[in-house]
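Inspection log for the structure reproduced underneath, given as structure tokens.
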């Protein structure tokens, strides 16, 4: 097994043999790892589990963000409805006072507008109560 590349120095030959053994050991370990089906299956399962956990965590984060956004929108909507109810209540109060004044001036003629104002007040109160219960 002598080739023209064979070193003549025994120490150099030993070094080359050790290097070849190390390379051969690495190659054998790599081949053994490739043929170890059980270990590869465990690794694949572990990788799949890690991906699933990551996906679940991402989904949870997205859901929590959506809940937070919904809460914020609900608070904003509630504030808007409350403000709108205040404005409407003030408007109804003014109209009611006007209607009362008209009724005092002409009780017979002003009766239908008074009923209309009362109906409007009832509808506004019903809407406010309904929205508060929903929120």
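Numbering (full-length UniProt numbering), first residue to last: 1 to 135. Where a beta carbon is used, it is the ideal one built from N, C-alpha and C, also for glycine.
In three-state terms, what does DSSP make of residue i?
i	result
residue 61	helix
residue 8	coil
residue 36	coil
Within the same chain, show all residues whose beta-carbon is closer than 7 Å to that of residue i, passing over the 5 residues directly before and after it, in chain order.
i	result
residue 41	none
residue 81	131
Using only the alpha-carbon positions, how far apart do residue i and residue j sit?
i	j	result
residue 55	residue 5	57 Å
residue 131	residue 89	15 Å
residue 83	residue 93	15 Å
residue 100	residue 124	19 Å
residue 97	residue 126	21 Å
residue 27	residue 18	14 Å
residue 44	residue 31	18 Å
residue 119	residue 103	16 Å
residue 10	residue 29	28 Å
residue 67	residue 73	10 Å
residue 115	residue 75	35 Å
residue 7	residue 34	35 Å
residue 58	residue 51	10 Å
residue 65	residue 38	40 Å
residue 105	residue 134	42 Å
residue 21	residue 46	33 Å
For residue i, which residues from the same chain have a beta carbon less than 6 Å from its beta carbon, with the 5 sequence-adjacent residues on both sides left out?
i	result
residue 121	92
residue 128	85
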